[in-house]
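Structure first, commentary second.
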Amino acid sequence: MLPTITLTNKEQELGNLVIPVSRLSKIPAGIFTTSEKGYLKKQIDDFKQDVVSFNRLNYWVYLFYIKPEPDRFKRLESCRKGGCQIAGLLHQQKADKVTVFDPEGNNEEVMAFAEGLSLGCYCFLKYKTDKDEENKLREIELYSSNSPSAIHITHLNILLEAVSRCRDLINEPNSHLTANGFARAVEKMAKESGAGVEVFHQQKIEALKMGGLLGVNQGSKEPPTFTVMEWKPENAKNKKPYLFVGKGIIYDTGGMNLKPGDFMLNMKDDMSGAAAVASVIYAIARAKLPVYVVGLMPATDNRPGAEALVSGDIITMHNGTTVEVLNTDAEGRLILADALSYASKFDPALVIDLATLTGAALRAIGKFGAAAMQSQAVNELEALKFSGFMVYERLVEFPLWDDYGEQIKSDLADLKNTGSSDAGMITAGKFLQKFTAYPYIHLDIAGPAFLEKPDSYRGQGGTGFGVRLLFDFIKSYCVAAKV
Ligand code: BES
Ligand code: MN
Ligand code: ZN
12 MLPTITLTNK
22 EQELGNLVIP
32 VSRLSKIPAG
42 IFTTSEKGYL
52 KKQIDDFKQD
62 VVSFNRLNYW
72 VYLFYIKPEP
82 DRFKRLESCR
92 KGGCQIAGLL
102 HQQKADKVTV
112 FDPEGNNEEV
122 MAFAEGLSLG
132 CYCFLKYKTD
142 KDEENKLREI
152 ELYSSNSPSA
162 IHITHLNILL
172 EAVSRCRDLI
182 NEPNSHLTAN
192 GFARAVEKMA
202 KESGAGVEVF
212 HQQKIEALKM
222 GGLLGVNQGS
232 KEPPTFTVME
242 WKPENAKNKK
252 PYLFVGKGII
262 YDTGGMNLKP
272 GDFMLNMKDD
282 MSGAAAVASV
292 IYAIARAKLP
302 VYVVGLMPAT
312 DNRPGAEALV
322 SGDIITMHNG
332 TTVEVLNTDA
342 EGRLILADAL
352 SYASKFDPAL
362 VIDLATLTGA
372 ALRAIGKFGA
382 AAMQSQAVNE
392 LEALKFSGFM
402 VYERLVEFPL
412 WDDYGEQIKS
422 DLADLKNTGS
432 SDAGMITAGK
442 FLQKFTAYPY
452 IHLDIAGPAF
462 LEKPDSYRGQ
472 GGTGFGVRLL
482 FDFIKSYCVA
492 AKV
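In this note's numbering, the protein residues as written are 12 to 494.
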């Protein structure tokens with residue numbers, strides 16, 4: 012459980028205190044002694060520290076120095092990282108409460124700081140007998156000379172809870188999560204948030220002729236699911252919905268094209284896209300944002316087995332397109348294609364998919380951002396990129412030029428599921444685009460979805476990439492600006 016952020020307008024009692032500040036001179040008198048001030052100045056000016064701490068016997072005081080940084084996005088990111096650093100220090104003290112005192116009224120910076128502080132407390136200890144490592148911090152009290160509005164704090168708490176739920180789902184190993192289990196978790200999130208939900212099971216999926224999802228599922232002993240989550244408030248500003256589609260490969264062994272050696276490691280993360288979709292709709296519904304959104308989450312594991320697809324098999328997709336499956340490890344695009352063609356029936360304003368789709372995206376830009384591609388959605392992607400910088404889930408655009416389409420033409424069927432070894436993330440995106448006839452953005456999150464080593468507030472394991480991005484996008488583009 013992440014700590015909750017609360018607002019206060021009373022002077023702090025004696026307790027753990029953090030002061031994020033850009034100018035030491037702005038700290039009111041009485042907080043630090045003269046010698047403490049001298050020490051602070053020295054640590055910051057001479058030793059270039061941005062976190063300084065004092066022990067006052069039964070509580071701690073921390074100072075976070077907000078460095079002058081003209082780039083708004085970088086400045087906010089360093090505040091999140093500072094928050095996470097202080098979360099670590101508070102954890103060492105087994106602190107359960109901290110007051111963040113903002114003497115300058117740096118609203119945006121301090122919200123980012125609190126965000127990093129809260130996310131930095133995330134841990135996944137479900138399978139540890141000894142829960143002692145658990146972070147004890149439960150409350151982050153914010154005391155500011157210019158308090159953010161209560162609604163901002165509520166939204167932030169909801170969002171952080173959504174990120175935490177998303178990470179939990181990703182971190183759950185295949186031994187404890189099936190496609191059915193995933194669908195049940197989404198149902199629970201829908202109920203808690205007030206969103207609508209429907210789970211399609213085998214029979215319905217067969218009736219819908221979702222040959223991609225059924226094909227990938229052939230080798231599994233667990234049946235597939237297809238979950239639809241919907242938030243359609245009466246005051247929605249848009250008539251045509253915004254759709255999010257998430258890749259829900261519960262575990263990717265590669266299928267008959269079995270992943271060799273270490274390549275299978277961490278493939279429980281192959282449902283990160285679906286987890287992010289469920290979590291962001293949970294957040295939008297709980298925050299009661301006036302926007303009509305729908306999430307589609309096809310889910311199955313990808314395994315070899317007597318019935319599994321083999322190279323050369325031809326399957327027929329939901330929209331009737333035939334696909335020659337040359338490599339069973341290019342499975343994500345098969346289940347997503349069904350979901351993307353199913354999306355048409357909603358007459359969407361925009362469809363965004365999130366998928367841990369290709370190793371090529373990971374190799375191209377690493378763990379620091381996602382590869383984005385668009386068709387008929389130039390302005391939407393610009394807005395999404397801006398959100399990406401705001402929340403530091405950054406996007407890099409790749410083209411969907413027609414030339415790439417040549418690489419996925421099949422001799423025997425309409426399409427084949429692999430291109431050449433060049434530009435793998437683009438041929439995957441090009442494949443998906445063939446199933447869309449609406450404004451469309453594809454996000455390949457194979458890089459940032461999961462971290463082997465901890466990285467500040469993004470943590471270790473599932474990061475929840477996409478949840479903060481889409482929540483910001485919906486709030487700023489769909490609610491405020493456009494629709
Ligand atoms: N889930 C993988 C992509 C992946 C790789 C995600 C590494 C995260 C980290 C996907 O299903 C896959 O196996 N893609 C293949 C496609 C290839 C066979 C065309 C790949 O990228 O190697
Ligand atoms: Mn694969
Ligand atoms: Zn996969």
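Glycine is no exception: its CB is placed at the ideal position from the N, C-alpha and C atoms.
None of the values given here were measured: they were computed from a predicted structure.
- Here THR327 is bridged, per DSSP, to THR333.
- The DSSP-derived three-state label of TYR133 is coil.
- Under the three-pair Cβ rule at 8 Å, the stretch 85-95 counts as touching the stretch 126-133.
- The residues ASN185, MET278, LYS279, ASP312, in chain order, have a CB closer than 6 Å to that of TYR262 in the same chain once the five nearest residues on each side in sequence are set aside.
- Apart from the 5 residues on each side of it in sequence, GLY99 sits with its Cβ closer than 8 Å to the Cβ of GLY131 in its chain, given in chain order.
- With fewer than three CB-CB distances shorter than 8 Å, the stretch 43-56 does not count as touching the stretch 121-130.
- Residue list for the ligand BES: ASP263, ASP281, ASN338, ASP340, ALA341, GLY343, THR367, THR369, GLY370, THR429, ALA457 (CB closer than 5 Å to any heavy atom, chain order).
- Around the beta carbon of SER352, 16 or more other beta carbons lie within 10 angstroms, which makes this residue buried.
- Within the same chain, no Cβ atom closer than 6 Å to the Cβ of LYS59 is found once the five residues on either side in sequence are excluded.
- Apart from sequence neighbours up to five positions away, the residues of its chain that approach HIS166 with a beta-carbon distance below 6 Å are ALA298, ordered along the chain.
- Looking from the CA of TYR76, the closest CA among SER355, PRO235, LEU87 belongs to LEU87.
- Counting along the chain, no alpha helix (DSSP H) covers LYS108; the unbroken beta strand (DSSP E) around it starts and ends at 108-113.
- If only complete runs of 4 or more residues are kept, the stretch 151-190 shows the alpha helix (DSSP H) at 161-182, in order along the chain.
- The beta-carbon distance between VAL256 and LEU347, rounded to whole angstroms, is 6 Å. This is short enough to meet the 8 Å contact definition.
- In the displayed model, MET12 falls within coil according to three-state DSSP, outside both helix and strand.
- The stretch 413-426 makes no contact with the stretch 477-492; the number of CB pairs closer than 8 Å stays below 3.
- A straight-line Cα-Cα distance of about 22 Å links GLN387 and VAL288.
- Runs of the beta strand (DSSP E) lying entirely within the stretch 281-330 and spanning at least 3 residues, in chain order: 304-313, 324-327.
- When the Cα atoms are used, GLU80 and PRO410 turn out to be separated by approximately 32 Å.
- Taking THR238 as the centre and dropping the five residues before and after it, the same chain places the C-beta of ALA194, VAL197, VAL210, MET308 closer than 6 Å to its C-beta, in chain order.
- Per DSSP, the unbroken beta strand (DSSP E) holding ALA382 starts and ends at 380-386.
- Counting C-beta pairs with one atom in each stretch, the stretch 359-375 and the stretch 242-256 have three or more that are closer than 8 Å, which means they touch.
- Buried is the label assigned to ARG344, since at least 16 other Cβ atoms lie within 10 Å of its Cβ.
- When secondary structure is reduced to three states using DSSP, LEU411 falls in the coil class, being assigned neither helix nor strand.
- ASN66 has TRP71 as its beta-bridge partners, per DSSP.
- Assignment of beta-bridge partners to THR19 by DSSP yields TYR154.
- With 16 or more neighbouring CB atoms inside 10 Å of its own CB, ASP113 falls in the buried class.
- With contacts defined by Cβ atoms closer than 7 Å, ILE456 and ALA381 form a contacting pair.
- In the structure shown, THR236 adopts extended strand secondary structure according to DSSP, grouped into three states.
- About 16 Å separates the beta carbons of VAL334 and LEU219, which is beyond the 8 Å limit, so they are not a contact pair.
- As computed with DSSP, ILE452 is found in a beta bridge with ILE363, GLN385.
- In this structure, DSSP gives GLY343 a helical state, which the three-state scheme calls helix.
- A straight-line Cα-Cα distance of about 41 Å links LEU148 and HIS212.
- Secondary structure note for VAL227: its alpha helix (DSSP H) is the uninterrupted segment 222-228.
- Distances from the CB of ILE260 to the heavy atoms of the ligand ZN include at least one below 6 Å.
- With distances taken between CA atoms, ASN182 lies nearest to LEU276 out of VAL305, LEU276, THR429.
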